[in-house]
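A quick write-up on the structure given underneath.
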Amino acid sequence: MHLQLPGFGEWVAAFLTLCIFSFLYRDNVLYRIAESIFAGISFGYYVGLAKLNTLDPNLFRPLLGDFGAHWSLLIPFALGLLLYVRYIPKLAWISNWSLAVYIGYYIGVNLLQKLHGDILPQARGTMIPLTGGWGAVLGGIIVFVGVVTVLIYFFFSSPHRGPLKPAARLGIYFLMISFGASFGYTVMGRVSLLIGRLTFLVHDWARPLLLSLMGG
Amino acid sequence: MHWAKQLLLVDRRIIFLLVFLGALIPIIRPIGLGVQISPPVEAVFDAVERLRPGDAILLSFDYGPSDGPELDPMANAILRHCHKKGVKVVGISLFPLGGVDMGIARLNELATELQAQDGTDWVNLGYKDGGQAAMKAMGEDIAAVFPTDVNGVAYRDLPLTRDIRAYRDMKLAISLATSVLGEWWINLVNAQFGIPVAVGTTAVSAPRYYAYMEAQQAIGVIGGMKGASEYEELVERAYPELKGLSRTATMGMDVQSIVHVIIIFFILFGNLMFLLTRRVKEA
Amino acid sequence: MRVRGLPVALGIGAAVFGAAAPLPVRAEAALPIVLHVADTPSDDGSSLTLTWTPDPGLLPESLAEDAATEVRIERRAVADTAAFARVGRVPFRDGAFQDSGLEPRTAYVYRLALAAGAGDTLRSAAAAPATPRENLFRTQRVNALVITLLMTALVVGFILAAKRGVSLYIRRISGLDAIDEAVGRATEMGRKILYVPGIISVNEPQTLASLGILGYVAKLTARYGTELEVPNIDPLTMAAAREIVKEAYLEAGAPESFREASVHYLTADQFAYAAAVNGIMVRDKPAANFLIGWFAAESLLLSETGQSIGAIQIAGTAQVTQLPFFVAACDYTMLGEELFAASAYLSQDPLILGSIKGQDMMKAAILAVIVLGAILATAGVHGFADWFAAL
Amino acid sequence: MKRQIPILLAIGASLYPVVAFFVPTRGVTRFNQTLDEWMVIIASFALLLGIVSMIQVNLAKVRRRTSGWPFGLIVLVAFAIMAAFGVFGRQGARPDGGLYPFTWVFQFGFSPLQSTMFSVLAFYVASASYRAFRVRNVEATLLLIGALIIMIGRIPLGEMIHPVVPDVAEWIMKFPNTAAQRGVIIGAALGAAAMSIRVMVGIERPYLGKS
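Residue numbers (our numbering), protein chains in the order written: chain A, 860 to 1075; chain B, 12 to 294; chain C, 270 to 660; chain D, 23 to 233.
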């Protein structure tokens, strides 16, 4: 495989990667520069993304291409623009109209997503018949007891006294085991990211650089 | 126990160095440890394996570059699997910070690796804003949400999606998700439109999806780089002719094992010192 | 395969109805499958559902065993006399097909076609004409309607009650006792208290809850004369925090000991902020650290440095991904909802109080339903649990 | 008038998806579909809303030369260049094989920056594991035991120690973890639903802003 010098892209990426890693030593100006470039690019990316992927195909092109059929798109267009009027003090109150529609819509969608898509199936999934092989029964009991005690732990209308005290205690133990699992998985996730970066530095940048230098 | 106190307060940067070396060595000299398959990943593999040539699936790239090391290998393995099965892939993205670019990269890599054809084997409809709004609208009419693909070709003119109007015309939706988007595919799309959903997620969010899977709201979950390496293994076992293609997750797991051992040692050693110093104080 | 939107009732209906109809003589050309077509319930009147008994015996021997045998669905509107059009292809074994995109109030006739090899096609007798009807309510979603109405009644009811001054009981969150103890210890040691209200602005509920708890801590430090410092990453949160601390010192009767600079702004960048707060911790060695509010990955840096300088640390967040690290590194952690319950307990704000009470009652209802469901399921009664299915 | 209209709009916009969830008639579903498609466009504008305040903050910082103003300038310049590549250019690969500038800057600028920023956390997890995670009480002990089992069970080392280790890890995920996650999902869902209801009945009005 012919290894040539790492391309300009690899050099830029490697430089920025090392700038961020320099924060591990201590906070320094190189890190702050890279951090600012990151903030700037991400905001600029949103602009290009929205224009290229939504505003052009779903709004501008239909309006300009065939206005007759798509005139109703002027309504979302107007509501979208009105959002920006909040930066003009005198007219700020109008922007609340489109904000109300925007926030209201997602509130309505979210309500049923949580009640119908989360609470109903999760509650139903806990109504487990305690029958079948001992493994399934044991598992079923643990899930049932776990859900009940965790819900009791997060119950605020009565003090944790009498039977509720041991139940809440058991609930916190279930929570701790699941936090342990999340901890383990998070460590896995963070390490995977490190592997990704070091693999890039070694295979895409350092090795082609060294080999081509040695190769003369 | 003075030296124990001293050891506990060692400078943070020495620990950084240890982790750096622990990660670097296996990257330069891979070890090649085996891969153990877990049921949630096998469930997703079986779901794709049951599909028939000509069936279509929806693959949503709902992640960004910082999740690449975990989810890119998953995307590669799933795309190779679908290609081998003759399953059509409809690629979209609902994640703003880079989802569309991850999709472009993975599908182009499939095209170069297995000569899959844009437009007939797969199609990339690109990114759309709106999150739940786009998910709900695709329940009735995908073309209304994605009037064109990422290159500007009209939805109607794409041969692959000619008879795909909405979710019901596809057999499975797989979301490669980092944030809460993966949960929306379950508690909104699966709950209200019935299409089976599988989620490939970063390790950080994997534990949450066991609760959904156990309630049959998701057919399976591929969790983190470990899950990706399992799917890579399953695909290679089923399709030996794919051997030789890059398996970044499986290679990554070597490093994962070494760094895990280091961190496990840190936790045990740190707590041993903690217990020793505490006993000294009490004595 | 469960066909979308095919409720259990229709399935049973088809089986019963199928048995009653006289079985046609086994004609060689005709496919002896009896097809039933009915309006798809809970839809906008553009869909009909076809069902048939997927008995392999009805198929020619050559195809009977093959599970993947597919039947073609053919449709013709009763009004137009044109030939049957092909509208779909489904495995015979499915026993059902849902046709959509139809005109409401228009009668349609369906039949099944099977390619029986050697070019000839077997066709079933045409089913009785059926007309798709527009339905007014998705009957299978009555469970969602019940839970939505119940939840709305509880939340709105308790909020109105709280506003009318009805006293609603919420238990004292044990996290508040941990706060009292931490402030007490800091006062004994005569060292500073550091309060970090999270890294997001005031539009986040967790930040508002944290500011409520900051008011409580500030009243204690004002009364005991302990030094309090509140470093900020967000200008709006800082302004709100400064107001709350000033008012707390006023209420505690020590307005003169309130120092404006104690609530100050550091930087906007997540990791630079964590590094700066770590600098304060290492330099001033506060006796107690409070990390309460919305946190991301920098929670790790803050709690680690706090632990290494021996400070007593109280944390609180609803960010589930950060809770494991706070629990492992801090002396006490308020988990998720406890953060909101603590701020409701302190502020007695009717809006938050009423909401938490409403949620609590729903939790009690869900608990009862789960216990009842499990008992019934164990006793073999699955209808109760199925009622909760999300269709 | 300035307050009633937004309140009515918010209540209407939140009730409509709920009605469309239950009522499948042709008229209701058709407008529901239109509203979803419109919201995709409005959400696109909302996504860019934060940019105006970002520009205001950084412009003020540069104009007043407050501490760290050069970094504010870098943010604005990087923003302007990237936005220009997006608005005037295209995305994806050029026909001749290279990348359009918008995608090039993303792949070689944004992507390494974001990935590296998050990969730094692996170092912090490691140092916190050594210096901060202590079995100081029963809860922390249970947490660390669970973590160790999962971390060992999820790497090939676990299987080398004993073939049952990965199964124990899987069992923990399938039963105790599922139970606790389910409790948290139900709790969080109730909290979010309560917040939605407060806005839907007009008790809480987050859209009215500071006016």
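Every residue gets a Cβ at the ideal spot worked out from N, C-alpha and C, and that includes glycine.
Note the first and the last residue of the continuous alpha helix (DSSP H) segment covering residue i.
| i | result |
| --- | --- |
| M181(B) | Premise fails: M181(B) is in no alpha helix (DSSP H) and is neither H nor E. |
| T544(C) | The sequence given here has Ala at residue 544(C), not Thr. Element bounds for A544(C): Q539 to D553. |
| L636(C) | P619 to T647 |
| L108(B) | Where L108(B) is concerned, there is no enclosing alpha helix (DSSP H), given that its DSSP letter is neither H nor E. |
| G130(B) | G130(B) -> no alpha helix (DSSP H), and no H or E assigned at all. |
| T138(D) | S133 to R153 |
| H929(A) | F926 to H929 |
Let me make sure I understand the geometry here. Which of the options has the alpha-carbon closest to that of residue i?
| i | options | result |
| --- | --- | --- |
| I578(C) | A382(C), C599(C), L592(C) and A587(C) | C599(C) |
| A995(A) | I230(B), V55(B) and E225(B) | E225(B) |
| T320(C) | L445(C), I302(C), A365(C) and D312(C) | A365(C) |
| M236(B) | G79(B), R23(B) and I42(B) | G79(B) |
| A565(C) | R345(C), I468(C) and D363(C) | I468(C) |
| D313(C) | R52(D), I77(D), I225(D) and L70(D) | R52(D) |
| I342(C) | T309(C), L328(C), A333(C) and Y379(C) | Y379(C) |
| G967(A) | R25(D), Q26(D) and F44(D) | F44(D) |
| S36(D) | M222(D), P228(D) and Y229(D) | M222(D) |
| R63(B) | P41(B), V164(B), I175(B) and K99(B) | K99(B) |
| S572(C) | V486(C), P593(C) and R552(C) | P593(C) |
| P988(A) | P980(A), L922(A) and G999(A) | G999(A) |
| P76(B) | V41(D), A202(D), V40(D) and G131(D) | G131(D) |
Would you report the Cα separation of residue i and residue j, rounded to the nearest angstrom?
| i | j | result |
| --- | --- | --- |
| V532(C) | G481(C) | 15 Å |
| G114(D) | R117(B) | 12 Å |
| A288(C) | V306(C) | Low confidence applies here, because A288(C) scores a pLDDT of 40, under 50, leaving its location unreliable; read the following figure in that light. Their backbone Cα atoms lie some 15 Å apart in a straight line. |
| R86(D) | A508(C) | 21 Å |
| V640(C) | T1008(A) | 12 Å |
| L292(C) | P46(D) | In this prediction, L292(C) has a pLDDT of 43, which is less than 50 and means its spatial position is unreliable; nothing more can be read from the coordinates. |
| G274(C) | F204(B) | Its pLDDT being 40, under 50, G274(C) is placed unreliably in this model, and the coordinates cannot settle the point. |
| S257(B) | R362(C) | 40 Å |
| G281(B) | A658(C) | 48 Å |
| T602(C) | V596(C) | 6 Å |
| S71(B) | E226(D) | 35 Å |
| E496(C) | L445(C) | 19 Å |
| N119(B) | D112(B) | 11 Å |
| A385(C) | P329(C) | 8 Å |
| E869(A) | I621(C) | 52 Å |
| Y146(D) | Q136(D) | 16 Å |
| I273(B) | L437(C) | 51 Å |
| I1001(A) | P170(B) | 50 Å |
| A634(C) | L1010(A) | 11 Å |
| L90(B) | V232(B) | 16 Å |
| K554(C) | A543(C) | 16 Å |
| G90(D) | T259(B) | 40 Å |
| S954(A) | L70(D) | 15 Å |
| F285(B) | A898(A) | 41 Å |
Strictly by DSSP, which residues pair up with residue i?
| i | result |
| --- | --- |
| K99(B) | A67(B) |
| A399(C) | Y377(C) |
| A384(C) | T390(C) |
| A165(B) | T159(B) |
| T320(C) | H305(C) and A365(C) |
| N501(C) | Y534(C) |
| L463(C) | E498(C) and N558(C) |
Go to residue i, then tell me how far its beta strand (DSSP E) extends in each direction, as first and last residue.
| i | result |
| --- | --- |
| R341(C) | E339 to A346 |
| A365(C) | A365 to D368 |
| F559(C) | A557 to I561 |
| M603(C) | Y601 to L604 |
Please list the residues of the stretch 198-211 of chain D that have a C-beta atom closer than 9 Å to any C-beta atom in chain F, keeping them in chain order. The structure shown has no chain F; the protein chains it does contain are A, B, C and D.
Ignoring anything shorter than 3 residues or poking outside the stretch 209-237 of chain B, list the beta strand (DSSP E) runs there in chain order. 231-234
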